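Colleague: Have a look at this one.
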Amino acid sequence: MTYHCIIVGGGIAALQLAHHLKRDMDILLLTKGEIRSSNTYRAQGGIAAAVGQGDSPALHYNDTIQAGRDFHNYKEVADLVKEGPNLISALQHEGLHFDKGPDGRLALGMEGAHSRNRIVHSGGDASGKWLAEHLIRMERPGLTIRENRFVYELAMDPTTNRCVGVQVLDESGRTESYFGRHIILATGGVGGLYDQTSNDPTITGDGIALAYRAGAELVDMEFIQFHPTLLVGAGRTVGLVSEAVRGAGGRLVDNSGRKVMEGKHPLGDLAPRHIVAHELFKLRTKGEEVFLDITGITGFRKKFPTITELCEANGIPIATGKLPVAPGGHFLMGGIAVDTVGRTTMPGLYAIGETAATGVHGANRLASNSLLEGLYYGRKLALFLNELQETPVFPNPLRQRSTHETADFLPEPDELRRQMMKHAGIIRSRKGLEELDRWLGSYKADSSLAGKSKKDIQTVFMLQTAKLIAKGAMLREESRGAHIRSDFPDESEHFGKIHIMQSKKGLEMRDRHCEYDQITIHA
């Protein structure tokens, strides 16, 4: 069967796209794990939208630009924040209930680097879960969801170089081939490449590697945000502690109770994430522990039920008023190069959500702009695809994968994660990145996938994506947003105008994300 659209991923961008595509389209949605194992489902924050009194899209725009260190596509940011209130209204109209205050108005939270309370929540700190459930339950004809399907290759028409389908491994390791007019990657980011991360275990940069291996361009892979407050239990990070906790009065302190962000930034604990993560990292490298003091928050359990449950599950007593925290991998600002609706440099291939470099986050994402991005671009791409009339020609079904086992030497995933955290983590340097490059270079990232297991293919994808991150981090000789170089501690006017593009053709530095002109679509 040939589908109108094949969507790879099950987070907010994928679900929003499926929801808004025309009802007469046949759509296939493939998820690597369960439909409820996305980063969206884990999201504790909410949706940033200028819906409160005294707020405006202009203020939201300014906060976004400031947090991302002026490295954005300005028009895309302006359009994104302008649509925020409309997207909230649309969700309410569909029946999604947002948290409200005693006055019946939306209860708007405060998070880091925002100048106004503008975070819209559902279910306290379970906003992502309820948003995902809302979209999952929005039944529509023509949608087929197949869970536990690992997409390992994009099918390309050799005569037109158009992406026309995907090759998939099912739970049993059997190959499935699916063909479609439009192939959309909504696979999330790269958090699984770090040994400390807020991400779901399924998020290992698959979409990045798929696009790269197919010949698409990637951009600014060095910009990876590290969230300051991952909960620490038994010496390891076990989940996220939402920025909303600091917005509600939580304070970061050391063992002695000293406020660690005091005097470090005018916004203190609510400074942009890259600044807070940097300060916490420096303390932890000295062997000092950091805690989130929640004694100033009344009714913590009611306001933050998800975090409370996470603490209890990991034996961390809330009654002490101090939650042990550490920074870890959180969000990719770079990614697959796309135009204003999500088209990549490969015909027939699209990317939305975190795996796409839309230009709205700059060098550091503003808190709670990620769910907003997924909602906005999921709908925007749907409106574009709904208007297309083209019908590409499809090739014959692809050959099955070879059953011959290959013996390529691959790294252990856990060691790769440790190397990435050590050398391409919160603070980077040429010496460390060169060491990482040598280590990664001792393995084959472009090896054949024939006969490989799902585990080995995922490791190949992790290796390929790690190399792209390391190369971008090496080339960007400045510190900007989430990319911090100890040997280049300042922002550079030159690099502030440069996007680092990577593809199988090589490297290029240029001042735009994609070759396509901007596209006007009709709502």
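Sequential numbering from 672 applies to the sequence shown in my numbering.
Cβ atoms here follow ideal geometry from the backbone N, Cα and C, with glycine treated the same way.
Since we're looking at a predicted model, the values are computed, not measured.
1) When the Cβ atoms of the segment 989-1004 are set against those of the segment 861-878, are three or more pairs found closer than 8 Å?
2) Around the Cβ of Leu1043, are there at least 16 other Cβ atoms within 10 angstroms (buried) or fewer (exposed)?
3) So what does DSSP say about Thr900, is it helix, strand or coil?
4) Could you check which residue in Arg1036, Arg1181, Ser1174 and Lys1175 has the C-alpha nearest to that of His1165?
5) Flag this pair as yes or no: are the beta carbons of Leu994 and Ile968 separated by less than 8 Å?
6) Within a Cβ cutoff of 8 Å, which residues of the same chain sit near Asp741, ignoring the five residues on either side of it in sequence?
7) Can you check the segment 1122-1153 for any beta strand (DSSP E) of at least 3 residues that lies completely inside it and give the ranges in chain order?
8) Pick from Gly783, Gly813 and Thr711: whose alpha carbon is nearest that of Ala689?
9) Quick test of your reading: Ala885 and Met1004, contact by CB under 8 Å. State the CB separation rounded to the nearest angstrom.
10) Quick check on this structure: which residue in Leu902, Thr1136 and Gly1143 has the alpha carbon closest to the alpha carbon of Arg1099?
11) Does the beta-carbon of Gly775 have 16 or more other beta-carbons within 10 angstroms, so that it is buried, or is it exposed?
12) I need the straight-line Cα distance from Glu893 to Ala1141, nearest angstrom please.
13) What are the start and end residues of the beta strand (DSSP E) that includes His936?
14) Starting from the Cα of Ile946, find the closest Cα among Arg833, Pro988, Glu1149 and Phe897 and give me that residue.
15) Report all residues from its chain with a CB closer than 6 Å to the CB of Arg817; omit the five preceding and five following residues, and keep chain order.
16) Write down the C-beta distance between Gly836 and Ile854 rounded to the nearest angstrom, noting that I regard them as a contact closer than 8 Å.
17) Can you name, in chain order, every residue of its own chain whose Cβ lies under 6 Å from the Cβ of Leu686, other than the five neighbours on each side?
18) Take the Cβ of Lys1123 as the centre, count every other Cβ of all protein chains shown within 10 Å, and call the residue buried at 16 or more, exposed below.
19) Just to check my reading of the structure: Cys676 and Leu1056 have Cβ atoms closer than 8 Å, yes? What is that Cβ distance to the nearest angstrom?
20) Which class does Leu814 belong to by DSSP, given the choice of helix, strand or coil?
21) Would a C-beta distance cut-off of 8 Å place Ala1038 and Glu914 closer than the cut-off?
Modeller: Here's the rundown:
1) yes
2) Along the sequence shown, read from residue 1 onward, the residue named residue 1043 stands at position 372. When all chains shown are included, Leu1043 counts as buried.
3) Position 229 of the sequence shown, counting from 1, holds the residue named residue 900. Strand at Thr900.
4) For the purposes of this step, residue 1165 is taken as residue 494 along the sequence shown, with counting starting at 1. Out of Arg1036, Arg1181, Ser1174 and Lys1175, Arg1181 has the C-alpha closest to the C-alpha of His1165.
5) Locating residue 994 in the sequence shown gives position 323, counting from the first residue. Locating residue 968 in the sequence shown gives position 297, counting from the first residue. Going by C-beta atoms, Leu994 is not nearer than 8 Å to Ile968.
6) Position 70 of the sequence shown, counting from 1, holds the residue named residue 741. Result list for Asp741: Gly1033 and Gly1167, in chain order.
7) none
8) One-based indexing of the sequence shown puts residue 689 at position 18. Closest option to Ala689, Cα to Cα, is Gly813.
9) For the purposes of this step, residue 885 is identified with residue 214 of the sequence shown, where counting begins at 1. For the purposes of this step, residue 1004 is identified with residue 333 of the sequence shown, where counting begins at 1. Wrong, their Cβ atoms sit about 22 Å apart, outside the cutoff.
10) As a first step, residue 1099 is located in the sequence shown; it is residue number 428 there, counting from the start. Checked all of Leu902, Thr1136 and Gly1143; the closest Cα to Arg1099 is Gly1143.
11) Against the sequence shown, residue 775 aligns to sequence position 104. Answer is exposed; the Cβ neighbour count stays below 16.
12) For the purposes of this step, residue 893 is identified with residue 222 of the sequence shown, where counting begins at 1. For the purposes of this step, residue 1141 is identified with residue 470 of the sequence shown, where counting begins at 1. Roughly 7 Å separates the two Cα atoms.
13) Residue mapping note: residue 936 aligns to position 265 of the sequence shown, counting from 1. It is not in any beta strand (DSSP E) - His936 carries neither H nor E in the DSSP assignment.
14) Residue mapping note: residue 946 aligns to position 275 of the sequence shown, counting from 1. That would be Phe897, whose Cα lies nearest to the Cα of Ile946.
15) Stepping through the sequence shown from its first residue, residue 817 is reached at position 146. Around Arg817: Leu701.
16) Within the sequence shown, residue 836 is the residue found at index 165, counting from 1. Within the sequence shown, residue 854 is the residue found at index 183, counting from 1. Their Cβ separation, rounded to whole angstroms, is 7 Å, which keeps Gly836 and Ile854 in contact under 8 Å.
17) Against the sequence shown, residue 686 aligns to sequence position 15. Result list for Leu686: Leu806, in chain order.
18) Taking the sequence shown and counting its residues from 1, one reaches residue 1123 at position 452. The residue in question, Lys1123, is buried, as its Cβ has 16 or more Cβ neighbours within 10 Å.
19) Stepping through the sequence shown from its first residue, residue 676 is reached at position 5. Stepping through the sequence shown from its first residue, residue 1056 is reached at position 385. Right, the Cβ-Cβ distance comes to about 7 Å (below 8 Å), so this counts as a contact.
20) Taking the sequence shown and counting its residues from 1, the one referred to as residue 814 is at position 143. In the structure shown, Leu814 sits in a strand (DSSP, three-state: E or B).
21) Counting from one through the sequence shown, the residue named residue 1038 turns up at place 367. Counting from one through the sequence shown, the residue named residue 914 turns up at place 243. Yes; because the gap between Cβ atoms is below 8 Å, this pair is in contact.
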